[in-house]
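Student:
Numbering (full-length UniProt numbering), first residue to last: 1 to 258.
(1) Since residue 227 contacts residue 184 with CB under 8 Å, what's their CB separation in whole angstroms?
(2) Terminal residues of the continuous beta strand (DSSP E) containing residue 241?
(3) Using the DSSP secondary-structure output, state which residues sit across from residue 252 in a beta bridge.
(4) With a cut-off of 8 Å on the beta carbons, I'd call residue 179 and residue 114 a contact; round off their distance for me.
(5) In the region 35-110, which residue ranges form an unbroken beta strand (DSSP E) of at least 3 residues, counting only runs that do not cross its ends?
(6) Would you call residue 117 buried or exposed, if buried means 16 or more other Cβ atoms sit within 10 Å of its Cβ?
(7) Would you kindly work out how many angstroms separate the C-alpha atoms of residue 63 and residue 70, rounded to a whole number?
(8) Please list, in chain order, all residues of the same chain as residue 188 whose beta carbon is under 8 Å from its beta carbon, the five residues on each side excluded.
(9) In the structure shown, what three-state DSSP assignment does residue 130 receive?
(10) Taking CB distances under 8 Å as the criterion, tell me whether residue 60 reaches chain C.
(11) Return the bridge partner residues of residue 155 from the DSSP annotation.
(12) Just to confirm my understanding: we take residue 190, look at its own chain, exclude 5 residues before and 5 after, and list those with CB closer than 6 Å. What are they?
(13) In terms of residues, what are the limits of the beta strand (DSSP E) holding residue 178?
(14) Please report how far the alpha carbon of residue 91 lies from the alpha carbon of residue 100, in whole angstroms.
(15) By how many angstroms is the C-alpha of residue 135 removed from the C-alpha of residue 271?
(16) Just mark residue 239 as buried or exposed, buried being the case when its beta carbon has 16 or more other beta carbons within 10 Å.
(17) Could you tell me which of 258, 140, 168 and 212 sits nearest to residue 252, measuring between CA atoms?
(18) Would you tell me roughly how many angstroms separate the C-alpha atoms of residue 249 and residue 133, rounded to the nearest one?
(19) Is the beta carbon of residue 206 closer than 8 Å to that of residue 257?
(20) Under the assumption that residue 128 contacts residue 164 (Cβ atoms under 8 Å), give the Cβ distance between them as a whole number of angstroms.
(21) If you follow the alpha helix (DSSP H) that residue 230 is part of, which residue opens it and which one closes it?
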């Protein structure tokens, strides 16, 4: 089946889980201040020392040995908080596997934890087009990609250029899944180009949609926050997709192309 789809049960489960978290952990508050899962910031309502956060990881995370090695290597880097949360990466891999994806786009590689995570669940003929402008961090993860290196196509250039090249090559509506986690001011452009590349029934996952809670009151001089906030508002009204915003990590929106 070349048109992947998600069950209505999964979508309902994700929605109910978000509401249950808000009711159980933040009674009386309408908006949680940050995300859920492995926090990228100490400002999260579930901090790294939270027993509940540890319980969730202890009872849900199934981390491949190479992923664990890469996570620990990344933790030693000065910008380690740029790495996608491990529980969120696991969700991305589960979605990729669920829809039987073969072609994936990743915008923002960093050390490649999520790249490796998705490549591990792709079929042998699958591939991840991994876009980044900095190869130095990717070199940290590359030695651990050996098992799935043939599935990873790392392109070190501006992501917009790579996306345009894919469109020009006639690869529109041939990808199953896209993950966006790069410079925030380009989020809308990434989203629009990915929407053209993703087939109907495919998924675009957009990271950092809560942005440390700053989206609640975006400052006029904060272009990154403004960009994320405007895209969040646009996604709510975008009839080309169905969406679920999940309070995991720093917030992730799943957009399902209709």
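No residue lacks a Cβ here, since even glycine has one placed at the ideal position from N, Cα and C. Since the structure is predicted, the reported quantities are computational estimates derived from the model, not experimental observations.
Tutor: Here's the rundown:
(1) 5 Å
(2) Where residue 241 is concerned, the enclosing beta strand (DSSP E) starts and stops at 241-246.
(3) 207 and 246
(4) 6 Å
(5) 103-107
(6) buried
(7) Computed Cα separation, rounded: 11 Å.
(8) Closer than 8 Å at Cβ, skipping near neighbours: 227, 230, 231 and 234.
(9) strand
(10) Among the chains of the structure shown, chain C does not appear; only one protein chain is present.
(11) Among the bridge pairs identified by DSSP, residue 155 is matched with 131.
(12) Around residue 190: 107 and 180.
(13) Segment 175-180, the beta strand (DSSP E) holding residue 178.
(14) CA-to-CA, the gap between residue 91 and residue 100 works out to about 14 Å.
(15) Outside the modelled stretch of the chain, which goes from 1 to 258, sits residue 271, for which no answer is possible.
(16) exposed
(17) 212
(18) 23 Å
(19) no
(20) With 8 Å as the limit, residue 128 and residue 164 do not qualify as a contact, their Cβ atoms being about 18 Å apart.
(21) Residue 230: member of the alpha helix (DSSP H) spanning 223-237, first to last residue.
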